[in-house]
Amino acid sequence: MQFTIEVGRYNPEGNYDERAVAGKPYPPPWDKASPRRYQTYTVDLPAHAVVLDALIAIREYQDESLAVRCACRSAICGSCAMWVNGHAHLACKSKLTTFTKDGKTRVEAPPSMPVIRDLVADMTPFWEKHHAVKPWLEAKQPEPPPMEEYRVPNAAMEELIQEVSCISCGACLMDCESFAVNPDFLGPQALAQAYRYAGDPRDAETKERLGAYSGPGGIWDCTHCYECVTQCPKGVAPLEQILKLRRLAVDAGFTNNAGTRHADAFADSVKHSGRLNELTLLPRSVGFFNILDQLKTLPSAFNMIRAGKLPPLIHKSIPGVQRIKNIFARVGGRFK
Amino acid sequence: MTIDHDVLVLGAGLAGMRAALEAAREGADVAIVTKVHPIRSHSSAAQGGINAALGEGDSWESHAFDTIKGSDYLADQDAVEVMCREAPADIVEFEHMGVIFYRNEDGKLGTRAFGGASQARTYFVGDITGQALLVTLYDQILKAGVKVYEEWFATTLYVENGACRGLVALEMITGELHLVRAKAVIDAAGGLGRVFEPSTNALICTGDGYALAYRAGAPLMDMEMVQYHPTTLAGSGFLMSEAARGEGAYLLNSEGERFMKRYAPNKMELAARDVCSRSEVTEIAEGRGIDGNVLLDCRHLGADVILKKLPQIHEMALDYVGLDMIKDPIPVRPGMHYQMGGVKTDATGATRLQGLYAAGEVACVSVHGGNRLGANSLLDTIVFGRRSGKASAAYVKGVAGSRGGENVLHAEQARMQELLARPYTGETHARLRLELATMMDKHCGVYRNEAGLTEALKRLSGLKARYEKIAVGDKSRIFNQALTFALEVGFMLDCADAIVRSALERKESRGAQSRTDYPERNDAEWLKHILITYRTGKEPELSYAPVTITQWKPEARSY
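In order, the protein sequences belong to chains A and B. Under the numbering used here, the residue at position 267 of the first sequence is numbered 1485, and the numbers go up by one with no gaps. Under the numbering used here, the residue at position 238 of the second sequence is numbered 240, and the numbers go up by one with no gaps.
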């Protein structure tokens, strides 16, 4: 079968147009700010071939200058996460027939990461975030003697296999909406690994972890866009792990933060009136006396007014709000 | 740039990182050079588990006997003893580091059955055991603050006055060559699977560590012992874990018959890997295959076992052959999987080249002999990784650092420049690699004979001549993979040469070496290791080393 692949090319050293496949001298150093170029290749592959098969075929028999990371070819090593038709996927897991749109498949380095060359992204931000959550067990004391394991139920281990299945490909971070606007957000992969240790019954520092993850850039900076759940090739569902961390953190008493206040304000408002009071949501989230942070939101507020998005100044309850209150009473817990 | 360390580890798979961690614990200034990020290492693809005689009623002697019988008596029994005695403590250490091993009802570590083992002694995390160990170890390296030179490609070892004193590496992201000097180097660069096509191995398993050590003067041993895994997926050759058979899966021929009953009536599908692979090839050759494959049937295990204990291979079968293991048998065939041989070391990881240690698949201690048992390779990496880390850290205390080596760096710079400047000749890394690897599978695969191996040697010499003219189709400095692929083909040619020469030399059938012209094992003449030593400008030298026998006398091997 013939497939057409459009590959985003970038080489900080030179423009590929001026370069021959072989034998010609280096072009001079090239303007790094130039826009991404796409080069089109045609490959002949079996119908069940994946995007990576196409890239390897190009690299081996058409254009040796195409740079792409890959190793296992079977969705285990995590090397080949990249943008395929505008979303982060493993090239080795993306069937060409599925990803052919308007007669072609577009492949490029994710725009959310710095690019080293062609499809090779600089994954430094990803690895730094992974490191930042202290992804190692702080052994609970007393540690069993050297020839004895911790006694834990298998269910507690199975509970973590979803996070351990993470192959660190970075697809979740590449498409994370929060990371796109806030480079300091720890991101889905790191927070899923954070839960992997915070949720481990053998870990001694669960509380310290939950405190650290509750800070700026942590669990409350996720906006629930579900991109990470959709893009993860291994079913890790990072967002679900972030939600687990939030519950653990609130239960452990880490409530003095905008995230918890936001959740509380949200719940209170719905409990009392059956719907959201957007006017009080913001001050309650950042803190009523946090005048500085409230002032910072003024430009957005003015823009909303200008766009006719001002919430009603008088907040009314919905009819039958008592039934909502009954639900809260039934749920109990923090929002009783 | 020139950098100095006490201990330099080449490779960041399980063996390399375990070695680095141990050397760091011993107080050495240690760094790792690796051509891929540690998490991308091929250890992550190990699926089924890791062996140890840890359970009640099991003993290290039983584990050792199974390993030695599996090796067809070619393993050195003192080395096997070391591995099997130390296995339980090493597994428990990884549990303490955080690996989420499967538990039984009382919360203690639980096991699954594996091929060639008389007891269920394989500890596991689903079918992602290698990945679970690798990530845990990587996180330990982060915690310990070990320096990692990531995406640095080693081009040569630096040898001075008969001792290994470091290496030269290409920093992929800048295209610069660096001299990394060290008082000791640990070669943990992994396997050579790509020398064969098809192979379960990742594209990065190109035998770099074998060739680098070999060229530097360290002899290779048991190189003829190439393991073909019995269950690799039709087409792609991806690994379908032995865990499937460990959980009870059947191997069926085209008549729906469990054919292993005719080859290994007692162990059936859980006979050693060489036995299963040969049986499959025989079935296929005698017309009872299906398009060159046999079937791996998991249907009777039920959806729960498949989804909980074999989720990864279930998904791979769906992705790459479009079959659901819960409902369909999967077409599989033997595929190149593992190199039992490697750089000859003692039980501390020391090679015959002073200052050079080796651990993991690239090393040959020898604990696997003629055939490795499933779930012994992960064990090999962590036991001998740890031991080489410790031994090298002790060794460097009495050694002064080298002040030289710039000449080696300059020679490598010149070599790379020449390679890059070479005009297009029609010889590319892809063509040479594919020809080499399909040729090796054809003539040096499950069954071998003199005619085929002689032909292989002839073809190899032709390929080597053509390799001298290889051209690199990319002239960039930054992330020039065409250059590193070309260098890898050079490594692979050296590995292939050592494999074919050793296979030709061993005139018997033992373990993975099945000679149709010498179908019997011949202990009188061939109960010995074959070593191969590189000689510049001459044919390599073959020599022998005795097999160490402690308490298990060679006997007939049947399953």
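Note that CB positions come from ideal geometry on N, CA and C, so glycine has one too.
Exposure label - residue i; buried when at least 16 CB within 10 Å
| i | result |
| --- | --- |
| residue 1262 of chain A | exposed |
| residue 373 of chain B | buried |
| residue 559 of chain B | buried |
| residue 1344 of chain A | buried |
| residue 1251 of chain A | Below a pLDDT of 50, predicted positions are generally treated as unreliable, and residue 1251 of chain A, at 47, falls in that range; the measurement from the model is reported next regardless. It is exposed - the Cβ of residue 1251 of chain A has fewer than 16 other Cβ atoms within 10 Å. |
| residue 1478 of chain A | buried |
| residue 499 of chain B | buried |
| residue 268 of chain B | exposed |
| residue 1437 of chain A | buried |
| residue 1279 of chain A | exposed |
| residue 1621 of chain A | Missing from the structure shown is residue 1621 of chain A; chain A here goes from 1219 to 1554 and no further. |
| residue 1359 of chain A | exposed |
| residue 1243 of chain A | In this prediction, residue 1243 of chain A scores a pLDDT of 29, lower than 50, which makes its location untrustworthy; no coordinate-derived value is stated. |
| residue 473 of chain B | buried |
| residue 2 of chain B | The structure shown does not extend to residue 2 of chain B, since chain B is modelled only from 3 to 561, so the question has no answer here. |
| residue 431 of chain B | buried |
| residue 1454 of chain A | buried |
Span separating the alpha-carbon of residue i from that of residue j
| i | j | result |
| --- | --- | --- |
| residue 357 of chain B | residue 1447 of chain A | 48 Å |
| residue 1545 of chain A | residue 1445 of chain A | 30 Å |
| residue 149 of chain B | residue 140 of chain B | 12 Å |
| residue 1488 of chain A | residue 1498 of chain A | 12 Å |
| residue 425 of chain B | residue 234 of chain B | 39 Å |
| residue 1534 of chain A | residue 1491 of chain A | 7 Å |
| residue 1419 of chain A | residue 394 of chain B | 36 Å |
| residue 13 of chain B | residue 153 of chain B | 10 Å |
| residue 1270 of chain A | residue 553 of chain B | 51 Å |
| residue 204 of chain B | residue 1286 of chain A | 14 Å |
| residue 240 of chain B | residue 106 of chain B | 30 Å |
| residue 68 of chain B | residue 1422 of chain A | 39 Å |
| residue 458 of chain B | residue 441 of chain B | 7 Å |
Chain A residues whose Cβ lies nearer than 8 Å to that of residue i
| i | result |
| --- | --- |
| residue 97 of chain B | 1367 and 1368 |
| residue 70 of chain B | Result: empty, since nearest Cβ-Cβ is about 24 Å, beyond 8 Å. |
| residue 141 of chain B | 1353 and 1354 |
| residue 238 of chain B | 1291 and 1292 |
Nearest neighbour of residue i, chosen from the options [CA to CA]
| i | options | result |
| --- | --- | --- |
| residue 338 of chain B | B:552, B:202, B:64 and B:498 | B:202 |
| residue 1265 of chain A | A:1299, A:1226 and A:1315 | A:1315 |
| residue 524 of chain B | B:76, B:97, B:178 and B:231 | B:76 |
| residue 519 of chain B | B:452, B:471 and B:474 | B:452 |
| residue 1410 of chain A | A:1464, A:1422 and A:1459 | A:1459 |
| residue 516 of chain B | B:292, B:327 and B:446 | B:446 |
| residue 1502 of chain A | A:1476, A:1517, A:1518 and A:1510 | A:1476 |
| residue 1468 of chain A | A:1424, A:1451, A:1450 and A:1509 | A:1424 |
| residue 1336 of chain A | A:1431, A:1326 and A:1330 | A:1326 |
| residue 322 of chain B | B:305, B:242, B:299 and B:503 | B:242 |
| residue 1349 of chain A | B:249, B:536 and B:146 | B:146 |
Residues near residue i in its chain [Cβ-Cβ closer than 6 Å; skip 5 each side]
| i | result |
| --- | --- |
| residue 1258 of chain A | 1224 |
| residue 8 of chain B | 30, 31, 185 and 398 |
| residue 1 of chain B | The requested residue 1 of chain B does not occur in the structure, where chain B is confined to residues 3 to 561. |
Listed by chain order, chain A residues near residue i by CB distance under 7 Å
| i | result |
| --- | --- |
| residue 481 of chain B | 1285, 1334, 1335 and 1338 |
| residue 432 of chain B | 1278 and 1279 |
Residues near residue i in its chain [Cβ-Cβ closer than 7 Å; skip 5 each side]
| i | result |
| --- | --- |
| residue 1289 of chain A | 1295 and 1297 |
| residue 88 of chain B | 385 |
| residue 505 of chain B | 226, 446, 450, 455 and 515 |
Proximal residues to residue i (C-beta, below 8 Å), its chain only, five neighbours per side dropped
| i | result |
| --- | --- |
| residue 329 of chain B | 301 |
| residue 1540 of chain A | none |
| residue 510 of chain B | 517, 520, 522, 523, 524, 527 and 528 |
| residue 2 of chain B | No answer is possible for residue 2 of chain B: it lies beyond the span of chain B, which begins at 3 and ends at 561. |
Chain B residues whose Cβ lies nearer than 7 Å to that of residue i
| i | result |
| --- | --- |
| residue 1355 of chain A | 99 and 100 |
| residue 1230 of chain A | 480 |
| residue 1378 of chain A | 102 |
| residue 1296 of chain A | 41 and 42 |
Under 9 Å from the C-beta of residue i: neighbouring residues of chain B
| i | result |
| --- | --- |
| residue 1364 of chain A | 91, 94, 95 and 98 |
| residue 1392 of chain A | None at all; the shortest Cβ gap to chain B is about 16 Å. |
| residue 1437 of chain A | Simply none; closest approach about 20 Å. |
Neighbour list for residue i in chain B, Cβ cutoff strictly below 8 Å
| i | result |
| --- | --- |
| residue 1311 of chain A | 321 |
| residue 1371 of chain A | 105 and 109 |
Q: Report the residues of the stretch 1398–1418 of chain A with a CB closer than 8 Å to any CB of chain C, ordered along the chain.
A: Here the protein chains are A and B, and chain C is not one of them.
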